[in-house]
Amino acid sequence: MSEIENKAENGSTESAGECTTGDTKDDKGLGLGVIFFIVAFIVCFLSGTLLFPKLLYSKKEQPFNFDHELHVGEAGDCDACHSLRDDGSFTGIPKLETCLDCHSEEPMGETDDEAIFTQEYVVKEKEVPWLVYSRQPDCVYFSHAAHLLGKDEMDCASCHGPIGESTSSRPYEENRLTGYSRDIWGKNIFGIKKNSWDSMKMDDCAECHKEKNDQKGYCFQCHK
Amino acid sequence: MKVDRRSFLGLGLGAVAGVTVSPMMLKLTDDSSILSQTTKLWPWALDHPPLDGESTYESSVCSLCPGACGISVRKIDNRPIKIEGLDDYPVNDGGACLHGIAGLQYLYDPARVKTPLKRNGDGFEEISWDDAIAIVSGKLGDIRKSGAPEKLACIIDKDQGSVSGLFKRLLETFGSPNFYTMPSLESNLELTAEALHGEGMTIGFDLANADLVLSFGAGLIEGWGSPVACFKANASRKERHAKLYQIEPRLSNTAANADKWIPVKPGTEADLALGICAVMLKNNLFKGSATSAFTGGFNKLAAQVQQDYSPVKTAEITGVKAADIEKLATKFAKAKMPLAVFGKGRGDGAQSLKEMAAVQLLNCMVGNLNKKGGTFVMPKAEYLEFPESSLDGIAQKGMLKEKTGKYVNQLFEKVNQTSKPVIEALFVYNANPCYNMHKPKTVKQAFEKIPFIVSFSSFLDETAMEADIILPSHTFLERFEDVATGAGLAKSVVGLTKPMLDPIFDTRHPGDSVISIAKALESGVAQNFEWETYEECLEGVTAGIWDSLSEDGFALLSEEAPSTAAMVNVSYLAAGPATVKAQGDYKLTLIPIDNMRLISAGYSASPFAIKTVADTVLKGKDILVEINPLTANGLKEGGYATLATPIGTARVRIHLNEGIMPGVIGMVEGLGHTFDNIFVSNKGVNVNDLIGPVIESGSGLDAAFGIKAKLS
Numbered sequence: 004m005s006e007i008e009n010k011a012e013n014g015s016t017e018s019a020g021e022c023t024t025g026d027t028k029d030d031k032g033l034g035l036g037v038i039f040f041i042v043a044f045i046v047c048f049l050s051g052t053l054l055f056p057k058l059l060y061s062k063k064e065q066p067f068n069f070d071h072e073l074h075v076g077e078a079g080d081c082d083a084c085h086s087l088r089d090d091g092s093f094t095g096i097p098k099l100e101t102c103l104d105c106h107s108e109e110p111m112g113e114t115d116d117e118a119i120f121t122q123e124y125v126v127k128e129k130e131v132p133w134l135v136y137s138r139q140p141d142c143v144y145f146s147h148a149a150h151l152l153g154k155d156e157m158d159c160a161s162c163h164g165p166i167g168e169s170t171s172s173r174p175y176e177e178n179r180l181t182g183y184s185r186d187i188w189g190k191n192i193f194g195i196k197k198n199s200w201d202s203m204k205m206d207d208c209a210e211c212h213k214e215k216n217d218q219k220g221y222c223f224q225c226h227k
Numbered sequence: 005m006k007v008d009r010r011s012f013l014g015l016g017l018g019a020v021a022g023v024t025v026s027p028m029m030l031k032l033t034d035d036s037s038i039l040s041q042t043t044k045l046w047p048w049a050l051d052h053p054p055l056d057g058e059s060t061y062e063s064s065v066c067s068l069c070p071g072a073c074g075i076s077v078r079k080i081d082n083r084p085i086k087i088e089g090l091d092d093y094p095v096n097d098g099g100a101c102l103h104g105i106a107g108l109q110y111l112y113d114p115a116r117v118k119t120p121l122k123r124n125g126d127g128f129e130e131i132s133w134d135d136a137i138a139i140v141s142g143k144l145g146d147i148r149k150s151g152a153p154e155k156l157a158c159i160i161d162k163d164q165g166s167v168s169g170l171f172k173r174l175l176e177t178f179g180s181p182n183f184y185t186m187p188s189l190e191s192n193l194e195l196t197a198e199a200l201h202g203e204g205m206t207i208g209f210d211l212a213n214a215d216l217v218l219s220f221g222a223g224l225i226e227g228w229g230s231p232v233a234c235f236k237a238n239a240s241r242k243e244r245h246a247k248l249y250q251i252e253p254r255l256s257n258t259a260a261n262a263d264k265w266i267p268v269k270p271g272t273e274a275d276l277a278l279g280i281c282a283v284m285l286k287n288n289l290f291k292g293s294a295t296s297a298f299t300g301g302f303n304k305l306a307a308q309v310q311q312d313y314s315p316v317k318t319a320e321i322t323g324v325k326a327a328d329i330e331k332l333a334t335k336f337a338k339a340k341m342p343l344a345v346f347g348k349g350r351g352d353g354a355q356s357l358k359e360m361a362a363v364q365l366l367n368c369m370v371g372n373l374n375k376k377g378g379t380f381v382m383p384k385a386e387y388l389e390f391p392e393s394s395l396d397g398i399a400q401k402g403m404l405k406e407k408t409g410k411y412v413n414q415l416f417e418k419v420n421q422t423s424k425p426v427i428e429a430l431f432v433y434n435a436n437p438c439y440n441m442h443k444p445k446t447v448k449q450a451f452e453k454i455p456f457i458v459s460f461s462s463f464l465d466e467t468a469m470e471a472d473i474i475l476p477s478h479t480f481l482e483r484f485e486d487v488a489t490g491a492g493l494a495k496s497v498v499g500l501t502k503p504m505l506d507p508i509f510d511t512r513h514p515g516d517s518v519i520s521i522a523k524a525l526e527s528g529v530a531q532n533f534e535w536e537t538y539e540e541c542l543e544g545v546t547a548g549i550w551d552s553l554s555e556d557g558f559a560l561l562s563e564e565a566p567s568t569a570a571m572v573n574v575s576y577l578a579a580g581p582a583t584v585k586a587q588g589d590y591k592l593t594l595i596p597i598d599n600m601r602l603i604s605a606g607y608s609a610s611p612f613a614i615k616t617v618a619d620t621v622l623k624g625k626d627i628l629v630e631i632n633p634l635t636a637n638g639l640k641e642g643g644y645a646t647l648a649t650p651i652g653t654a655r656v657r658i659h660l661n662e663g664i665m666p667g668v669i670g671m672v673e674g675l676g677h678t679f680d681n682i683f684v685s686n687k688g689v690n691v692n693d694l695i696g697p698v699i700e701s702g703s704g705l706d707a708a709f710g711i712k713a714k715l716s
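Going line by line, the protein sequences match chains A and B. Be aware that the first sequence starts at 4, since it is given in our numbering, and climbs by one per residue. Be aware that the second sequence starts at 5, since it is given in our numbering, and climbs by one per residue.
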């Protein structure tokens with residue numbers, strides 16, 4: 004038998020021997036693989052669920068704190084400040100001029116926020132650069148009048164939630180990629196909503212339209 | 005336990021599975037699709053989304069051209085976002101032209117002068133308003149001290165309105181008669197009226213009522229006169245059963261829209277008018293009752309015209325068949341409300357007085373003066389009441405001196421001719437002679453010889469670039485001003501331009517700049533400027549019509565035909581003025597073309613308007629010249645060629661057009677700007693660079709209708 008043949012025989016014997024004993028070793032490898040799989044899965048899933056939103060959104064504070072509850076109590080319902088103009092367009096966040104219907108250069112209360120408002124904005128005649136939680140992308144046309152005065156006479160809270168009951172302004176979260184507010188997608192990163200106001204995506208509009216009008220609506224109704 | 009490749013495989017798979025099951029993938033997919041629709045990814049797309057806010061409309065008057073249309077400016081939260089025509093305004097009644105609707109672009113024009121500038125070598129340095137006014141008044145003070153106040157000159161767009169009035173008053177009380185206006189339809193109408201009907205008069209054309217309009221090259225839908233009013237008059241032609249005959253060498257839009265196009269050799273329009281006149285005289289087709297009142301030698305003129313302009317002779321000169329001339333004369337004379345219109349193209353720029361007077365003579369002969377559908381010979385709109393000016397000794401002496409030149413072209417000629425500066429300081433407002441006048445090179449030479457030039461321009465245009473000091477003015481959307489519509493309209497309207505927004509740069513009202521300069525001068529001048537601000541001055545000098553100006557936004561001074569008969573003196577034509585010939589010996593004749601989409605006087609068309617120019621006029625950065633295929637001499641459509649005239653050469657592309665007479669080259673006016681504005685400059689060629697001035701004997705006007713040229 005040549006040297007080569009010997010080696011071949013030995014080799015085959017060795018490999019056969021390994022095969023017979025290899026099963027237990029493989030199981031261990033697989034077990035470790037499964038552990039690695041599970042660990043990696045959990046780490047990545049948690050990162051994607053908990054860490055990723057923190058990276059995706061940057062937090063911005065409003066110029067100063069705004070107490071909706073107080074204002075509703077003092078001034079009246081939402082439409083006392085957020086009204087429809089004669090032509091049906093929506094005023095949105097009121098201009099300084101509207102605030103000055105009640106406020107003046109003299110602070111109305113003793114809070115720091117009132118002081119900032121009067122000193123920085125009223126005295127300087129500067130508009131307050133509020134960050135709008137519900138600002139839709141530029142490609143969306145939305146008529147408040149059609150929803151408020153239409154057959155269903157929706158109330159503000161259907162889309163905006165109980166914001167009138169809030170006593171402070173939460174931070175505005177801006178999507179670093181798109182530049183839009185987090186409120187459009189919703190707080191829940193999975194996109195799961197419990198209330199009608201939890202998210203303001205196109206699907207949310209369509210869902211309500213489907214329910215009320217039996218069809219989701221046409222593209223050009225909102226994308227003009 | 006050994007970490008092997010399976011472990012890593014597990015790790016990788018676990019990571020992939022974890023990420024996939026987490027909301028990250030779904031969210032990123034959604035966000036990327038939204039990102040793809042934002043300007044973050046497409047920065048050249050609209051980067052200022054329209055703002056939401058209260059929508060309001062405010063009315064004002066556009067002063068981009070002499071048309072002076074009423075405009076309605078749509079604003080969102082007080083920011084102008086759109087210009088529309090103003091309904092029920094007596095000039096345009098809701099209509100607007102493309103320059104007017106794009107007027108907002110001038111606010112944000114890259115060539116706007118944002119703060120006062122002072123020349124520093126080849127460039128400019130920013131200075132404060134106080135320093136700028138001090139420098140100008142200091143220089144003016146020196147000129148007055150030297151005892152030669154007439155060495156201050158001023159070039160302005162028009163001799164109408166309170167801003168022009170303030171400049172004129174400054175020159176008068178300073179002691180200088182050298183107040184010049186750029187040639188415009190208004191100035192041409194006044195000169196024609198002066199030649200035939202006496203001084204202080206102007207002419208209006210009742211285009212909206214005439215039943216046969218004989219237009220001698222007037223681009224009635226290409227920006228002539230008050231463009232929107234002309235569009236409307238033209239649009240109503242069909243229902244009024246009115247006819248339009250267009251006489252010009254090229255099938256312009258107006259000619260294409262007319263009932264008949266009569267091609268005529270360039271520069272022979274005056275001869276054709278006199279030829280028609282001869283036929284009317286021969287066939288007794290004129291109104292004897294009208295001509296009997298003519299003074300200045302009508303019989304002499306009649307004999308001369310019949311001798312020199314028989315149909316055969318006229319046909320030879322003009323290229324229009326003799327039989328057609330006879331027919332034309334008969335139709336014109338027999339129409340119920342005939343109207344002959346002069347002013348080639350837009351009627352501004354170079355025009356021949358002989359031509360304008362000859363055409364107006366046709367109106368006189370059919371007796372349509374001061375009649376509905378005819379020409380209204382009326383006094384210039386004099387609604388301003390400036391307080392009596394008091395001139396001190398220096399001013400009185402200066403005002404007795406003769407003007408350096410009768411017209412602005414002669415001023416530059418004089419400046420260039422003399423070695424010692426005849427003009428020490430020059431004010432330029434709302435005028436761009438370094439671009440608009442024929443052979444701007446010589447204008448620039450003259451500018452170089454004038455030691456001190458002050459520009460009041462809102463834009464750093466060709467002329468402002470030659471200035472020593474720039475006192476930037478508000479644009480028409482940022483200021484008050486009274487704007488009179490002259491421009492050949494049959495009615496006389498004064499509108500009030502109002503500020504639509506706060507000035508966006510550190511600019512001032514030109515009226516305020518003039519008042520500040522005057523107040524900084526010695527008391528002899530300063531005492532004539534009692535107003536603190538221009539607004540105070542405006543209200544004072546328009547006191548007679550201020551109520552309607554401020555309440556209605558306009559004052560309608562006259563609408564109906566003047567009740568008095570117009571005087572006609574034909575001595576200018578009876579003297580037999582010579583017809584202007586084109587300069588040079590080449591075979592072809594280059595003529596400028598007025599295009600509604602471009603602006604040939606003043607600053608420039610807006611970026612929006614330039615974009616609408618057809619690619620048979622401007623392709624990329626190349627200008628196309630029109631030539632009839634018969635005389636194209638083998639040149640191909642779209643091919644490059646060199647256009648040479650005695651004045652200069654230019655690289656152009658060819659557009660073969662059967663709608664232009666053989667032997668004529670047409671080149672659009674209003675392109676080839678050279679200042680710093682990427683949207684409008686360095687596109688095409690300035691046709692004025694290729695045409696030299698030809699002074700008409702008798703009138704002294706630059707009457708170059710074109711120039712001889714060759715294409716190779």
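Yeah, the Cβ is synthetic: ideal placement off N, Cα and C, and Gly gets one too.
Quick one: what's GLU177/A bridged to in DSSP?
Numbered from 1 along the first sequence, position 174 holds the residue referred to as residue 177/A. According to DSSP, which records beta bridges pairwise, GLU177/A is partnered with SER61/A and SER184/A.
Between GLY71/B and ALA233/B, which are expected to be in contact by the criterion C-beta below 8 Å, what is the C-beta distance as a whole number of angstroms?
As a position in the second sequence, residue 71/B is number 67, starting the count at 1. As a position in the second sequence, residue 233/B is number 229, starting the count at 1. Right, their Cβ atoms sit about 7 Å apart.
CYS158/B by DSSP, collapsed to three states: which one?
Locating residue 158/B in the second sequence gives position 154, counting from the first residue. Note: CYS158/B maps to strand in three-state DSSP.
Nearest to PRO507/B (by Cα), restricted to the options ALA708/B, ALA333/B and GLU482/B:
On the second sequence, position 503 is the one that residue 507/B refers to. The candidate whose alpha carbon is nearest that of PRO507/B is GLU482/B.
Just the C-alpha distance for LEU285/B and ALA307/B, rounded to the nearest angstrom, thanks.
Your numbering for residue 285/B matches position 281 in the second sequence. Your numbering for residue 307/B matches position 303 in the second sequence. Near 9 Å, if we compare the C-alpha coordinates of ALA307/B and LEU285/B.
Give the DSSP bridge partners of GLN250/B, in chain order.
In the second sequence, residue 250/B corresponds to position 246, counting from 1. In DSSP, GLN250/B forms a bridge with SER219/B and TRP265/B.
Among residues of its own chain, excluding the 5 on either side of VAL617/B, which ones have a beta-carbon nearer than 6 Å to its beta-carbon?
For the purposes of this step, residue 617/B is taken as the residue at position 613 of the second sequence. The answer, listed in chain order, is ARG601.
At which residue ranges does the segment 131-171 of chain A contain complete alpha helix (DSSP H) runs of 4 or more residues, listed in the order of the chain?
Within the segment 131-171 of chain A, the complete alpha helix (DSSP H) segments of 4 residues or longer fall at 147-152 and 160-163, listed in chain order.
ALA43/A: contacting residues in chain B (beta-carbon distance under 9 Å):
For the purposes of this step, residue 43/A is taken as the residue at position 40 of the first sequence. Simply GLY14, LEU15, GLY16, LEU17, GLY18, ALA19, VAL20, ALA21 and GLY22.
Does LYS98/A have its Cβ less than 9 Å from a Cβ in chain B?
Along the first sequence, read from residue 1 onward, the residue named residue 98/A stands at position 95. Yes, contact with chain B.
Does at least one heavy atom of the ligand SAM sit under 8 Å from the Cβ of ALA605/B?
Among the ligands in the structure shown, none appear at all, so the ligand SAM cannot be discussed.
Determine, using beta carbons only, whether PRO132/A comes closer than 9 Å to chain B.
Position 129 of the first sequence, counting from 1, holds the residue named residue 132/A. Judged by the 9 Å Cβ criterion, PRO132/A is not in contact with chain B.
Taking the beta carbon of CYS368/B as the centre, do at least 16 other beta carbons fall within 10 Å, making it buried, or is it exposed?
For the purposes of this step, residue 368/B is identified with residue 364 of the second sequence, where counting begins at 1. Result: buried.
Ignore the nearest five residues each way along the sequence and tell me which others in PRO666/B's own chain have a CB closer than 7 Å to its CB.
Mapped onto the second sequence, residue 666/B falls at position 662. If we look at PRO666/B and ignore the five residues flanking it on each side, its Cβ neighbours are ASN632, LEU634 and THR635.
Would you check if the segment 81-98 of chain A and the segment 143-150 of chain A touch, i.e. whether three or more CB-CB distances between them fall below 8 Å?
Cβ pair count under 8 Å is three or more, so yes.
State the Cα-Cα distance for the pair GLY18/B and LYS196/A, rounded to the nearest angstrom.
As a working mapping, residue 18/B is identified with position 14 in the second sequence. As a working mapping, residue 196/A is identified with position 193 in the first sequence. For the pair GLY18/B and LYS196/A, the Cα-to-Cα distance works out to about 28 Å.
Helix, strand or coil: how does DSSP classify ALA654/B here?
Taking the second sequence and counting its residues from 1, the one referred to as residue 654/B is at position 650. Residue state, collapsed to three classes: strand.
Give me the Cβ distance between THR593/B and ILE669/B, rounded to the nearest whole Å; I'm assuming they're in contact under 8 Å.
In the second sequence, residue 593/B corresponds to position 589, counting from 1. In the second sequence, residue 669/B corresponds to position 665, counting from 1. THR593/B to ILE669/B, Cβ: 7 Å. Contact.
At a Cβ cut of 9 Å, what residues of the segment 132-146 of chain A count as close to chain B, listed as they run along the chain?
PRO140, ASP141 and CYS142
Quick one: Cα of LYS31/B to Cα of LEU45/B, how far?
Along the second sequence, one-based indexing puts residue 31/B at 27. Along the second sequence, one-based indexing puts residue 45/B at 41. Their backbone Cα atoms lie some 18 Å apart in a straight line.
Spatially closest choice to ASN413/B from GLN400/B, ALA450/B, ASN434/B and LEU216/B, by CA coordinates:
Mapped onto the second sequence, residue 413/B falls at position 409. Nearest C-alpha to ASN413/B: ALA450/B.
In angstroms with no decimal places, state the Cα-to-Cα distance between PHE683/B and LEU68/B.
In the second sequence, residue 683/B corresponds to position 679, counting from 1. In the second sequence, residue 68/B corresponds to position 64, counting from 1. Distance between the alpha carbons of PHE683/B and LEU68/B is about 18 Å.
Determine the DSSP secondary structure at ASP135/B, reduced to helix, strand or coil.
By one-based count along the second sequence, residue 135/B stands at place 131. Helix.
Cβ-based burial, PHE12/B [other Cβ within 10 Å; buried from 16]
Here residue 12/B corresponds to residue number 8 of the second sequence, with the count starting at 1. Exposed: under 16 other Cβ atoms inside 10 Å.
Would PRO611/B count as contacting chain A if we go by Cβ distances under 9 Å?
Here residue 611/B corresponds to residue number 607 of the second sequence, with the count starting at 1. No, its Cβ sits nowhere closer than 9 Å to a Cβ of chain A.
I want to verify the contact list: residues of chain A whose CB lies under 8 Å from the CB of ASP506/B, in sequence order.
Your numbering for residue 506/B matches position 502 in the second sequence. The premise fails here: ASP506/B is roughly 13 Å from chain A at the closest Cβ pair, so nothing lies under 8 Å.
Any chance the segment 468-487 of chain B sits against the segment 500-514 of chain B, with 3 or more Cβ pairs inside 8 Å?
yes
For ALA579/B, count the other beta carbons within 10 Å of its own beta carbon; 16 or more makes it buried, fewer makes it exposed. Which is it?
Counting from 1 along the second sequence, the entry for residue 579/B is found at position 575. Exposed, since its Cβ has fewer than 16 Cβ neighbours within 10 Å.
Exposed or buried, CYS105/A, counting other C-beta atoms within 10 Å across all chains shown (16 or more means buried)?
Residue 105/A sits at position 102 when you count from the first residue of the first sequence. Label assigned to CYS105/A: exposed.
Report the residue ranges of all alpha helix (DSSP H) runs contained in full by the segment 91-122 of chain A; include only those spanning at least 4 residues, in chain order.
99-102 and 115-119
With a threshold of 9 Å between beta-carbons, can SER59/B be considered close to chain A, or not?
Here the question's residue 59/B lines up with position 55 in the second sequence. Chain A contact via Cβ: present.
Under 8 Å Cβ-Cβ, which residues of chain B neighbour ARG185/A?
The residue you call residue 185/A lines up with position 182 of the first sequence. Simply none; closest approach about 11 Å.
Going by C-alpha distance, which of ALA361/B, GLY229/B, VAL381/B and ILE280/B is nearest LYS331/B?
For the purposes of this step, residue 331/B is taken as residue 327 along the second sequence, with counting starting at 1. The residue with the shortest Cα to Cα distance from LYS331/B is ILE280/B.
Helix, strand or coil for GLY499/B? Go by DSSP, reduced to three states.
Counting from 1 along the second sequence, the entry for residue 499/B is found at position 495. Reduced to three states, the DSSP call for GLY499/B is strand.
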